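Contents: one structure, followed by commentary.
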Amino acid sequence: MTASPPLDCRDQVLIIGAGAVGLACALALLQAGVPVTVLDRGRAGGATSHGNCGTITPSHAPPLAEPGMVWQLLRWMRQPDAPFYLKPRWDPALAGWLLRALRRCNRRDFEATTAIRAELLLASRHLLQQWIQDHDIDCGFQSRGSLYLHRDRAALAAGGGHAALLERAGIQVERLDGDQVRALEPAVNDQVIGGWLYPQDAHLRPDRLVAGLLDRVRAAGGTVIEDCPVAGLLHERGRITGVRLADGQVCRAGKVLLATASWTPALVRELGLRLPVQPGKGYSLTYDRPARAPRIPLVLAECQVCVTAWADGYRLGSTMEFSGFDDGLNPVRLDALKRGARLYLHEPEGPVLREQWSGWRPMVPDDLPVIGPVSRHPGLWLATGHGMLGISLSAITGQLLADLVTGREPVVNPAPFSPARF
Ligand SMILES: Cc1cc2nc3c(=O)[nH]c(=O)nc-3n(C[C@H](O)[C@H](O)[C@H](O)COP(=O)(O)OP(=O)(O)OC[C@H]3O[C@@H](n4cnc5c(N)ncnc54)[C@H](O)[C@@H]3O)c2cc1C
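Residues in the sequence shown are numbered consecutively from -16, following the working numbering.
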């Protein structure tokens, strides 16, 4: 352990997990006058919050479970380099998760979830920008929107369905033809026939956001201890009173907040809770910035590759693999990122490859984060299940959590995110 954790946090919120979500909760709690200690089993920001694409995307309001998705998934299952992969195996928790998600592939759930996510994403995008300004966090935040690109005419036209739904939810969308796309973004080649511009989207460098949050949490008086694995929860007659550390010590706490992403189900299992969070593995490749890097983050729609460029780097990221916590780097998936980028961009790769990475998105079947108290276990709080949106939703998660802990008027309606729905 790098430093010993305080063993008495009874006047504090003890946060487990120092990713973007745990640190955003820590900062918001400190701002609300609540002392915090954060424990992470590794390096702060060293897990899923490290190598993701860093896009802040109200445009991602539509959930993955949409009408017709079942057929799309079946098509992708037959394609070795598809953006979706399900490792065939006997796993009752995963089977139950898939059934729940597939049941939501209907218009009513799809539209209702889009509206809820749109409100949350828009609120978070504005709050995050405010935090970055107020706390002077140097993470390359840019409000340039994002551009979804198409090479296929039918897919471009189909994107219009999402666009109309998003506009109804308050998210601006502009349709562009191929020439308009290239005028806006000269990095795009002439195979692209059109796209959708989402001007309210933004982007940042996620590792630097997390480093900035960590710094501001410590400056505000929070304690963050790295290399400190938590083995389980301390409970007395259902009430959570602290955690057991992997080295055998116990740390008592007034409240315990699990911001442990895909690893949360393992920590709550001993309480008899079956939290449906599955690891959805994604990959990224990070390069030095190519000469013709895009100014605006791109989603290469037909292959689902996301391209983000910063002043000091360039990243291709994608894929959703349900293969448990398999941490291998599958070369077929990594190549798929490069192949996808070659189809849309003049200069698909940067001059030097700096990092090949994979991370596990904490996926929940209804695609809504889990934020709030666990009513059956007083003292236990959750902030998990942010799926593909944990960077985008970090600020609003922190704010909502702090509102609920302190009994303030919540910044958004907390009901859709309540752990009680499972
Ligand atoms: C390829 C890819 C691209 C993505 N792109 C985007 C994007 O563009 N925009 C966006 O908004 N989101 C994106 N995401 C999703 C985003 O990365 C996640 O939603 C987000 O990082 C989750 O943050 P977190 O803090 O919940 O999890 P994490 O960053 O994983 O943090 C959880 C922490 O808990 C700690 N922990 C777990 N168990 C224990 C334990 N027992 N004891 C102590 N500590 C423990 C871990 O060490 C870890 O540091 C992407 C994800 C991937 C994989």
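Ideal placement from N, C-alpha and C gives every residue a C-beta, glycine not left out. Only a predicted model underlies this, so the values are computations on that prediction, with no experimental measurement involved.
- Straight through space, the alpha carbons of D190 and G28 are spaced by roughly 7 Å.
- Leaving aside the five residues that flank A101 on each side, the residues in its chain whose CB is nearer than 8 Å to its CB run, in chain order, P41, A44, L149, A152, G153 and I154.
- Beyond the five residues adjoining it in sequence on each side, K70 comes within less than 8 Å, by CB distance, of E304, F305, S306, G307 and D309 in the same chain, given in chain order.
- Residue state for Q183 is assigned as coil, using DSSP reduced to three classes.
- Fewer than three Cβ pairs drawn from the segment 288 to 301 and the segment 357 to 373 lie within less than 8 Å of each other, which leaves the two stretches out of contact.
- Annotation for L384 indicates a beta carbon at 7 Å or more from all heavy atoms of ligand 1.
- Of all alpha-carbon atoms in R235, P248 and L320, the one lying nearest the alpha-carbon of Y270 is that of L320.
- With fewer than 16 neighbouring CB atoms inside 10 Å of its own CB, E219 falls in the exposed class.
- Taking the Cβ atoms as the reference, V21 lies roughly 4 Å from I(-2), within the contact range of under 8 Å.
- Straight-line spacing of the CA atoms in G123 and E168 works out to 19 Å.
- Judged by pairs of C-beta atoms under 8 Å, the segment 370 to 390 touches the segment 95 to 111, as three or more such pairs exist.
- Classified as buried, G37 has 16 or more neighbouring CB atoms from the shown chains inside 10 Å of its CB.
- Taking a cut-off of 8 Å for Cβ pairs, the segment 260 to 268 and the segment 227 to 239 do not touch, as fewer than three such pairs fall below it.
- For P262, the uninterrupted beta strand (DSSP E) segment begins and ends at Q261 to Y270.
- Distances taken from the Cβ of D23 to the heavy atoms of ligand 1 include one shorter than 7 Å.
- Using a C-beta cut-off of 8 Å, the segment 323 to 331 makes contact with the segment 281 to 290, since at least three inter-stretch Cβ pairs fall below that distance.
- If you draw a 10 Å sphere on the C-beta of Q382, you find 16 or more other C-beta atoms in it, and that means buried.
- Taken through DSSP and simplified to helix, strand or coil, F67 comes out as strand.
- Straight through space, the alpha carbons of D135 and L384 are spaced by roughly 42 Å.
- For L103, the enclosing alpha helix (DSSP H) covers residues R90 to D117.
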